[in-house]
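Undergrad:
Protein chains in written order, with the UniProt record's numbering: chain R, 1 to 104; chain B, 1 to 104; chain S, 1 to 104; chain V, 1 to 104.
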């Protein structure tokens, strides 16, 4: 017997189809975070470090928006087809995530 | 013989005094980026991944704002004391970085 | 004869139920924009004006997020129930709006 | 005898030279806020309203960044020339405003 939001959606997360793409993207972001450490260690110019931080933030943001779109296309759309309560719950959960993205 | 903005400011980047703090922070961010890969590999729930991405973005933003404050307190203030042209140049460079931070 | 996305959704925009709330909010925002003009005319301190601009931006952002939630609960959920193509179209349209909100 | 930050800077706010430009910009923003009310009253499509809100937010942001640049070029630079304590105070005040802009 399966219950709870996590279990219910476990088998069809929208993003699984692009798992490799996502992992490649995240490895690049990890590399950029290491690059930032090198810049600080080598005492690079502050503005150049800030430019690099903006590039990482922007990469994370693109990743988020991609993940969110896949989530909406799968989890939210599926929930909408299950019923009103399920739809409302998934929309409100997605909105909380969007709030965090927007307000940062 | 010294010339150019980079050389001129090389010896007193504002952030050097806190280099260890910054490196510690950036290592934590690198760890968080690795944590994100683990979440994707283990096919965690999309919304939980998004929450974690927001935490990384927020950590990068705090780092940026700290770096910017140190830059203003040192490079911008020093430039202001050198002359009008120097001040204007540093302010406009800082504003470009602030623009990138704000507009993301 | 009905055709096109706009017509299809015309009768059940999610936000209509709260029209009065939205109008009240927007009138307050308009008042704040007028207040900003007064501050500039009276040559108030720049930082105080910036604080006030942040308040207006924040009010606009709350309005956007509220509108978006209503849109998701109505238009997106309804489209999900009509069919896959309709769902995909509405999600991609909502994502474009979210992108503009996030990237500003 | 006059003292205090506000009085000290009253006569040379950076933005006064462009007062008319700023007022024109803010009047346009006020008009956009009125346009939003019209859109809600006429029950326009949610996504079109969101697009318009993004335009207003973006206009407010440009105004903020312009004001901030003028503030840095005048108040911050002037303070840097007065002394270390004055510089630190103005930088920290500007950073608080930048924080509000970035975090929204």
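By construction, the Cβ of each residue, glycine as well, lies at the ideal position given by its N, Cα and C atoms.
From residue 93 of chain S to residue 47 of chain V, what distance separates their C-alpha atoms?
TA: Taking the third chain and counting its residues from 1, one reaches residue 93 of chain S at position 93. Taking the fourth chain and counting its residues from 1, one reaches residue 47 of chain V at position 47. Cα-Cα distance, rounded: 8 Å.
Undergrad: Could you tell me whether the Cβ atoms of residue 50 of chain V and residue 37 of chain S are closer together than 8 Å?
TA: Residue mapping note: residue 50 of chain V aligns to position 50 of the fourth chain, counting from 1. Residue mapping note: residue 37 of chain S aligns to position 37 of the third chain, counting from 1. Result no, Cβ atoms of residue 50 of chain V and residue 37 of chain S do not sit closer than 8 Å.
Undergrad: Step through the CB atoms of chain R and report whether any lies within less than 8 Å of the CB of residue 91 of chain S.
TA: Along the third chain, one-based indexing puts residue 91 of chain S at 91. Answer yes: the Cβ-Cβ gap between residue 91 of chain S and chain R drops below 8 Å somewhere.
Undergrad: Within its chain, find whatever has a CB closer than 7 Å to the CB of residue 53 of chain S; leave out the 5 residues flanking it on each side and keep chain order.
TA: Position 53 of the third chain, counted from the start, is the residue given in the question as residue 53 of chain S. Here the set comprises 36.
Undergrad: If you reduce the DSSP assignment to three classes, tell me which class residue 45 of chain S lands in.
TA: Mapped onto the third chain, residue 45 of chain S falls at position 45. Coil.
Undergrad: Could you check if residue 82 of chain S is buried or exposed, using at least 16 other CB atoms within 10 Å of its CB as the buried criterion?
TA: Stepping through the third chain from its first residue, residue 82 of chain S is reached at position 82. Exposed, because fewer than 16 other Cβ atoms sit within 10 Å of the Cβ of residue 82 of chain S.
Undergrad: With C-beta atoms as the reference, is residue 73 of chain R less than 8 Å away from residue 90 of chain S?
TA: Sequence index remark: in the first chain, residue 73 of chain R carries index 73 (1-based). Sequence index remark: in the third chain, residue 90 of chain S carries index 90 (1-based). No, these two residues do not count as a Cβ contact at 8 Å.
Undergrad: Under the criterion of a Cβ to heavy atom distance below 7 Å, does residue 53 of chain S qualify as lining the ligand NAP?
TA: The ligand NAP is not among the ligands present in this structure, which contains no ligands whatsoever.
Undergrad: Give the straight-line distance between the Cα atoms of residue 30 of chain V and residue 101 of chain B, rounded to the nearest whole angstrom.
TA: Residue numbering aside, residue 30 of chain V sits at position 30 when the fourth chain is read from its first letter. Residue numbering aside, residue 101 of chain B sits at position 101 when the second chain is read from its first letter. Each residue's alpha carbon lies about 26 Å from the other.
Undergrad: Give the single residue among B/64, B/40, B/33 whose Cα lies nearest to the Cα of residue 95 of chain V.
TA: Reading the fourth chain from its first residue, position 95 is the one you call residue 95 of chain V. For residue 95 of chain V, the nearest C-alpha among the options comes from B/64.
Undergrad: Using Cβ-Cβ distances below 9 Å, what residues of the stretch 10-43 of chain R are close to chain S?
TA: Listed by position, the residues of the stretch 10-43 of chain R near chain S (Cβ gap below 9 Å) amount to none.
Undergrad: Are residue 79 of chain S and residue 86 of chain S closer than 8 Å when you measure CB to CB?
TA: Here residue 79 of chain S is taken as the residue at index 79 of the third chain, counted from 1. Here residue 86 of chain S is taken as the residue at index 86 of the third chain, counted from 1. Yes, Cβ-Cβ distance for residue 79 of chain S and residue 86 of chain S is below 8 Å.
Undergrad: Could you say which of B/104, B/14, B/43, B/15 lies nearest to residue 61 of chain B if we only look at CA atoms?
TA: Taking the first residue of the second chain as position 1, residue 61 of chain B is located at position 61. For the residues B/104, B/14, B/43, B/15, the minimum Cα distance to residue 61 of chain B belongs to B/104.
Undergrad: Classify residue 69 of chain V as buried or exposed, calling it buried when 16 or more other Cβ atoms lie within 10 Å of its own Cβ.
TA: As a position in the fourth chain, residue 69 of chain V is number 69, starting the count at 1. It counts as buried.
Undergrad: Which complete alpha helix (DSSP H) runs does the stretch 59-97 of chain R hold, if anything under 4 residues is left out?
TA: DSSP runs (the alpha helix (DSSP H)) wholly in the stretch 59-97 of chain R: 77-82.
Undergrad: Taking the alpha-carbon of residue 13 of chain R as reference, which of B/18, B/27, B/41, B/25 has the nearest alpha-carbon?
TA: Along the first chain, read from residue 1 onward, the residue named residue 13 of chain R stands at position 13. Among B/18, B/27, B/41, B/25, the Cα nearest to that of residue 13 of chain R belongs to B/41.
Undergrad: Do you know how far the Cα of residue 15 of chain B is from the Cα of residue 67 of chain S?
TA: Position 67 of the third chain, counted from the start, is the residue given in the question as residue 67 of chain S. Position 15 of the second chain, counted from the start, is the residue given in the question as residue 15 of chain B. For residue 67 of chain S and residue 15 of chain B, the distance between alpha carbons rounds to 42 Å.
Undergrad: Which value, in whole angstroms, describes the spacing of the CA atoms of residue 26 of chain B and residue 32 of chain R?
TA: By one-based count along the second chain, residue 26 of chain B stands at place 26. By one-based count along the first chain, residue 32 of chain R stands at place 32. The alpha-carbon atoms of residue 26 of chain B and residue 32 of chain R are separated by roughly 10 Å.
Undergrad: According to DSSP, simplified to helix, strand and coil, what is residue 104 of chain S?
TA: Within the third chain, numbered from 1, the residue matching residue 104 of chain S stands at position 104. Coil, per DSSP.
Undergrad: Consider the Cβ of residue 2 of chain R: report whether some Cβ of chain B lies at a distance smaller than 8 Å.
TA: Walking along the first chain from the start, residue 2 of chain R turns up at place 2. Low confidence applies to residue 2 of chain R: its pLDDT is 36, below 50, so where it sits in the model is not reliable enough to give any reading.
Undergrad: Report the rounded CA-to-CA distance for residue 6 of chain V versus residue 45 of chain S, giving the unit in angstroms.
TA: For this step, residue 6 of chain V is matched to residue 6 along the fourth chain. For this step, residue 45 of chain S is matched to residue 45 along the third chain. Confidence is the limiting factor: at residue 6 of chain V the pLDDT is only 45, short of 50, which leaves the residue's position unreliable and the question unanswerable from this model.
Undergrad: Strictly below 8 Å CB to CB, what residues from chain V border residue 69 of chain S?
TA: Taking the first residue of the third chain as 1, we reach residue 69 of chain S at position 69. Those within 8 Å of residue 69 of chain S in chain V number zero; the least Cβ separation is about 10 Å.
Undergrad: Only counting the same chain, and skipping five residues up and downstream in sequence, which positions put a Cβ closer than 6 Å to that of residue 59 of chain S?
TA: The count along the third chain starts at 1 and reaches residue 59 of chain S at position 59. Closer than 6 Å at Cβ, skipping near neighbours: 29.
Undergrad: At 9 Å on the CB atoms, spell out the chain B contacts of residue 50 of chain V, in chain order.
TA: Counting from 1 along the fourth chain, the entry for residue 50 of chain V is found at position 50. None at all; the shortest Cβ gap to chain B is about 18 Å.
Undergrad: Say whether chain S places a C-beta atom closer than 8 Å to the C-beta of residue 101 of chain R.
TA: Reading the first chain from its first residue, position 101 is the one you call residue 101 of chain R. Taking Cβ atoms only, chain S reaches closer than 8 Å to residue 101 of chain R, which makes this a yes.
Undergrad: Since residue 61 of chain V meets chain S, which of its residues come closer than 9 Å, beta carbon to beta carbon?
TA: Translated into the one-based positions of the fourth chain, residue 61 of chain V becomes position 61. By Cβ distance, chain S contributes 53, 57, 104.
Undergrad: Kindly indicate which residue of V/77, V/43, V/76 has the alpha-carbon position closest to the one of residue 19 of chain S.
TA: Taking the first residue of the third chain as 1, we reach residue 19 of chain S at position 19. Nearest of V/77, V/43, V/76 to residue 19 of chain S, Cα basis: V/43.
Undergrad: When the Cα atoms are used, what is the spatial distance from residue 84 of chain B to residue 71 of chain V?
TA: The residue labelled residue 84 of chain B in the question sits at position 84 within the second chain. The residue labelled residue 71 of chain V in the question sits at position 71 within the fourth chain. Each residue's alpha carbon lies about 14 Å from the other.
Undergrad: Quick one: is residue 47 of chain V near chain B, going by C-beta distance under 8 Å?
TA: Taking the first residue of the fourth chain as position 1, residue 47 of chain V is located at position 47. No, its Cβ sits nowhere closer than 8 Å to a Cβ of chain B.
Undergrad: Considering only C-alpha positions, which residue in the set R/21, R/56, R/77 is nearest to residue 34 of chain R?
TA: As a first step, residue 34 of chain R is located in the first chain; it is residue number 34 there, counting from the start. Nearest C-alpha to residue 34 of chain R: R/56.
Undergrad: Tell me whether residue 105 of chain S sits in a helix, a strand or coil according to DSSP, three-state version.
TA: Any property of residue 105 of chain S remains undetermined from this structure, which presents chain S solely from 1 to 104.
Undergrad: In whole angstroms, what is the alpha-carbon distance linking residue 77 of chain S and residue 99 of chain R?
TA: Position 77 of the third chain, counting from 1, holds the residue named residue 77 of chain S. Position 99 of the first chain, counting from 1, holds the residue named residue 99 of chain R. Approximately 19 Å between the Cα atoms of the pair.
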